[in-house]
Amino acid sequence: MSAALLDYYQTLAANVPNEHAYQAVGKQRLGLVELPNRKQEAWRYTPLAPVLEHQFAAASREEGLLEPADIASLRVTPADHVCVVLLNGFFMPELSTLPAQAGLEVLDLAQAIQTSAVGIERLGSLSGECLHLFGAVNAALTSAGAYIRVTDKLAQPVEIMHINYSFDGEVLSNPRVLVQVEANASLTLLEQHAAFADVLGMHNGVTEIFLGEGAALNHPRLQNDSLRTRHLSSLYIQQAASSVYKGTTLALGSAWSRTEFHLDFSGGHAHCELNGFYLAGEQQMQAMHLDVLHSVPDCSSRESFKGILYGQGKAVFDGNILVKKDAQQTDARLSNDNLVLSREAEIDTKPRLEIYADDVQCSHGTTVGQIDPEMLFYLRARGIPKSAAMGMICQGFAAELIAHCDYPALETKALSILQERLMPVAAAL
Amino acid sequence: MDAAEQQLAELAKAGYEAGFVSNIESETVPPGLDESVIRYISARKNEPEFMLEWRLEAYQKWLAMEEPDWAHLKYTKIDYQSISYFSAPKSAADAPKSLDEVDPELLRVYEKLGIPLEEQKMLAGVAVDAVFDSVSVATTFRKQLAEAGVIFCSISEAMREHPELIKKYLGTVVPQTDNFFAALNAAVFTDGTFVYIPENTRCPMELSTYFRINERNTGQFERTLIIADKGSYVSYLEGCTAPQRDENQLHAAVVELIALEDAYIKYSTVQNWYPGDENGKGGIYNFVTKRGVCAGDRSRISWTQVETGSSITWKYPSCVLKGDDSIGEFYSVAVTRGAQQADTGTKMFHIGKNTTSTIVSKGISADRGQNAYRGLVRMNKGAENGRNHTQCDSLLIGDKCGAHTFPYIEVANPTAKVEHEATTSKIGEDQLFYCRQRGLSEEDAVSMIVNGFCKEVFNELPMEFAVEARKLLAISLEGAVG
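Going line by line, the protein sequences match chains A and B. Using the numbering used here, you'd call the opening residue of the first sequence number 154 and step up by one each time. Using the numbering used here, you'd call the opening residue of the second sequence number 103 and step up by one each time.
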């Protein structure tokens, strides 16, 4: 299987012209990378068969598949707000809402490359090493995606919607999104991954985010792909001095899902907050992979992840905070809490700290447990049936994290999906 | 590899023919490892046939294995063919004639630890005619132990006198192929300790390698096997606080513990091997595999370790909690300074129901020391109501050191409860200031703070060991701040 898959992707890549330098890097890496395997620390607990035993066809642009009305039903922002729609990775202007707004530039990535939009040279500079096969595949196969640049403090949020839905069946989408929030600008970027039908494709997205000095980005992400999809999101974030990044990822969908965060600070007094919630039920696999690098002094980071597991769900949490030698006065806190509801579920968690500076404060905490019988008793003593009580406890556990989205419409949507998924589970317990 | 090279040069000078030196005074096999070396070791030890087979099997498997490289350690590759795998105790001719010839630095440390002169001589390897009065001490001990039915002897002796126990238990906890270093040990181990505590017996005293004088230089490949039969209790102390010189650079020991129903084994280690010079040159490489199995219901194994020596430490004392209601514990203080590197931690495998494990790890890094905690907590499917609590704290002293935590948690049972906490920080300026303001010297203040930091672990050590460990810690960190 292994060599054949590499050959397959290499052949696919050979037919794609290079629009931008990062694609050449991707192709080169494709010739060098090893297939992900469980001996590699970063893939230690992630089951790989679902993504390595399939040869997905590369997605192509499909017009007329969806109507703007289809998008309206998925949106969480008001209809007049900016909404970028990527169908199988391709920027769809006819489905998107793109009103002109001062301080905001939104383009099809391919177009941004052609017109040499400001800052386009940054493309691929964070994901440059293409850490693994899929990173290389993303770079090598397409220049599809979106380009977003913000130069002002934006009051209205921008929504970006990834939809995986194709006539061709099992396709592999490789979107790339470049987000640049320039000095002192700010933005709320709502990201949704939605399914239109029970598709069985693979999403392999790369997002690069640059925050200028004093910039701020709130970035809630709701991943609600079809329960048969494979989903891999790699986020690369670089923060200049005094910038603030707040990312909240809610991973609810997909059969196999892995979200990678690679965050680095380039200037002091920057702060980042990474939050994540994952729901792994039925036969789902949810993996969260964190790589937070403190390479400069005086930065702080908070990483807080929670998960609920039921059925035969499996979850992997692999969080790593690396504090380099000169990163004095670093303050980093990492926590991971898991609620396991069924006998067959499994959680593997690995919160790591690697510290080479002495004047730092770092901590991590992990818990794995089931529903506290005392909590259950408390609710039942007040006349709440067992299944409803269980549901309440799970909702409460998740709600704390979901609230970090700071966008009520998205929070409500996430909570209702959660409730829908958990109700039958709680009833069966 | 200096020592080995030197040895090789000496051997070459001696115009030495192929084959083995069978001279009783200085028996050393030439460097290198092949089947004949293993046969020689086994023959020298008068081992039963099954042991030789077992060793050869391990050797064959070792040949096919690769040296692990996942640990957070940097060291020059070990050349396994340049090591001599059998050397009897140093002959009196090589040893320093008196304490005047011993490294004054070493003596200063002995002084600080308050070690009596005679013992200092022994530790420094000074040739002494008679091993002062510990002979008589040991004899009394042996008598007392024999009365209780406890078997406490060298593992070679046990192979000859209790082959049935060896056959039944050796390699059951750490199999030959467990890992690269364990396989090497299985093939070439030269000696070690064997302890058997019979049913419902409380071992009348704390057992210590220190008093097992029948074979003093157990060498670099040590193997320890402790079996606590139903309802028994034993506390075993390994190592000693005084720094020990050793000409062998590579140490690859294996320790196996077996606790049957209701048995309790308490294993305490103080490791203070030579850490090498400022750049770690000449320091000991300590690659140890330690594992205990709580085979019976309600059994308990407790590991306590104070690691201050060695230039490289690779050590994960683990517990396999097979019996229902069994308990595993791991308490550790690891200090790295100079160019020392430690990658140490534990593994707790929860297999039985209602099993509990506790991990408390305190890492202290100073100068350029690199200290990593690496731990695994695994709750198997059948580990109903398994409980684990892990606490690992790191203290950093100086801006060139590193402290790392790599915990792995795998849970496959929903009734299991696992908690992990870790913190890393430096010595609080305010704490230091508070102590200094009350007239304590900086050194005393640091020692006090560090001892407070490690208190949870020291509390687990047997009393006199704990006192020594405290002093040791203070000496280890002397001059680290300032």
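Backbone N, C-alpha and C define an ideal beta-carbon position, used for all residues, glycine too.
Contact between the segment 144–159 of chain B and the segment 423–432 of chain B is absent: fewer than three C-beta pairs spanning the two stretches fall below 8 Å.
Residue 337 (chain A) is bridged by DSSP to nothing; it lacks a bridge partner. Taken atom to atom, the span from the alpha-carbon of residue 430 (chain B) to that of residue 303 (chain B) is near 21 Å. Within the segment 276–316 of chain B, the runs of alpha helix (DSSP H) at least 4 residues long that lie entirely inside it are, in chain order, 282–290. Here residue 272 (chain A) has 302, 333 as same chain residues with Cβ atoms under 7 Å from its own Cβ, once five neighbours each way along the sequence are excluded.
Between residue 496 (chain B) and residue 467 (chain B) the beta-carbon gap is near 7 Å, inside 8 Å, which marks them as a contact. If one requires a minimum length of 3 residues, the beta strand (DSSP E) runs lying completely within the segment 224–271 of chain A are 236–240, 257–261, in chain order. Per DSSP, the beta bridge partners of residue 450 (chain B) are B:421, B:479. Counted as a single uninterrupted DSSP element, the alpha helix (DSSP H) harbouring residue 271 (chain B) occupies residues 265–271. Annotated three-state conformation of residue 167 (chain B) is coil, per DSSP.
For the segment 493–515 of chain A, residues whose beta-carbon sits nearer than 8 Å to a beta-carbon of chain B comprise 493, 494, 495, 496, 498, 499, 500, 501, 502, 503, 504, 505, 506, 507, 508, 509, 510, 511, 512, 513, 514, 515. For residue 532 (chain B), the secondary structure class from DSSP, reduced to helix, strand or coil, is helix.
Contact between residue 414 (chain A) and residue 443 (chain A) holds, with the beta-carbon distance rounding to 5 Å and staying under 8 Å. Listed as beta-bridge partners of residue 464 (chain A) by DSSP are no residues whatsoever. Take residue 514 (chain A), set aside five residues on each side of it, and the residues of its chain with a beta-carbon closer than 6 Å to its own are 484, in chain order. Neighbours of residue 522 (chain A) in chain B, taken as residues whose beta carbon is under 7 Å from its own, are 519 in chain order. Within its own chain, the residues whose Cβ lies closer than 6 Å to the Cβ of residue 478 (chain B), once the five positions on either side in sequence are excluded, are 449, 510, listed in chain order.
Within 10 angstroms of the beta-carbon of residue 350 (chain A) lie fewer than 16 other beta-carbons, which makes it exposed. The Cβ atoms of residue 429 (chain A) and residue 404 (chain A) lie closer than 8 Å to each other. DSSP places residue 501 (chain A) inside the beta strand (DSSP E), whose first and last residues are 499–508.
In this structure, the straight-line span from the alpha carbon of residue 331 (chain B) to that of residue 499 (chain B) is close to 44 Å.
At a cut-off of 8 Å between beta-carbon atoms, residue 519 (chain A) makes contact with chain B.
Judged by their CB atoms, residue 140 (chain B) and residue 158 (chain B) are nearer to each other than the 8 Å cut-off. Residue environment analysis places residue 536 (chain B) among the exposed positions, since fewer than 16 neighbouring C-beta atoms fall within 10 angstroms of its C-beta. The alpha-carbon separation between residue 375 (chain A) and residue 490 (chain B) amounts to approximately 33 Å. Against chain A, a Cβ distance below 7 Å from residue 179 (chain B) picks out nothing, because the smallest value is about 20 Å. Cβ contact annotation for residue 272 (chain B) (same chain, cutoff 7 Å, sequence separation greater than five): 327, in chain order.
Membership of residue 146 (chain B) in the alpha helix (DSSP H) is indicated by the continuous run 137–146. If you draw a 10 Å sphere on the C-beta of residue 416 (chain B), you find 16 or more other C-beta atoms in it, and that means buried.
Shown here for residue 463 (chain A): same chain residues with a beta carbon closer than 7 Å to its own, the five before and five after excluded, namely 434, 494, 495, 498, 578 in chain order. Using a C-beta cut-off of 8 Å, the segment 236–250 of chain A makes no contact with the segment 505–514 of chain A, since fewer than three inter-stretch Cβ pairs fall below that distance. Sequence-distant Cβ neighbours of residue 562 (chain B) in its own chain, meaning closer than 6 Å and more than five residues away, are 406, 433.
Taking residue 331 (chain A) as the centre and dropping the five residues before and after it, the same chain places the C-beta of 276, 300, 361 closer than 6 Å to its C-beta, in chain order. With 16 or more other CB atoms across the displayed protein chains lying within 10 angstroms of its CB, residue 322 (chain B) is buried. In this model, residue 144 (chain B) and residue 397 (chain B) are separated by some 30 Å (Cα to Cα). Following the DSSP letters along the chain, one finds residue 370 (chain A) inside the beta strand (DSSP E) bounded by residues 369–377.
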